[in-house]
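These notes are about the structure you will find just below.
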Amino acid sequence: MAHSRMDIIFIEDLRASTLIGIYPREKAMPQTVEISLQIGTSTASAGASDDIRDTIDYSVVVDRLRAELGARHFNLLERLAEYVATLLLEDFGATWVRVSIAKLGMMRGVQRVGVVIERGAPA
């Protein structure tokens, strides 16, 4: 049986501003969220060609996420994580993603609260 390998492009501790939350103050004032991504894709073509067009360009991912999050409101971190996962799978062609999103300093004595999800592209 052939063993398939997956390469991972990662982006760690990206900070982006978005409207996130269920309380009135959260709906009115953007908050900074911290996002870490693991993006499963084959990097073999890019490794052979040395051409950015043969892989997922993490610079484009970061710019797109900052733009999308800056223009939207999410009630829950879970919904935001699903949105990010779907964007990476559908728009960037990832085969698998792990998305970690945290709110910072939301509770006294707690540095971060958040969610981690994993999603794969439909077979």
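Just so you know, we're using the numbering used here here: the sequence shown kicks off at 14 and counts up by one. The C-beta atom is built at its ideal place from N, Cα and C for all residues, glycine as well. None of these values were measured; they are calculated from a predicted model.
Note on the segment 41–71: whole alpha helix (DSSP H) runs with a minimum of 4 residues are 57–62, in chain order. Following the DSSP letters along the chain, one finds L102 in no beta strand (DSSP E) but inside the alpha helix (DSSP H) bounded by residues 90–104.
Contact check for E47 against R77 fails: the beta carbons are separated by 8 Å or more.
DSSP lists no bridge partner for I35. Here the C-alpha atom of R132 lies approximately 31 Å from the C-alpha atom of G122. Close CB contacts of D20 within its chain, under the 8 Å cut and outside five residues either way in sequence, are with G53, T54, S55, T56, A57 (chain order). Among the bridge pairs identified by DSSP, M120 is matched with V123.
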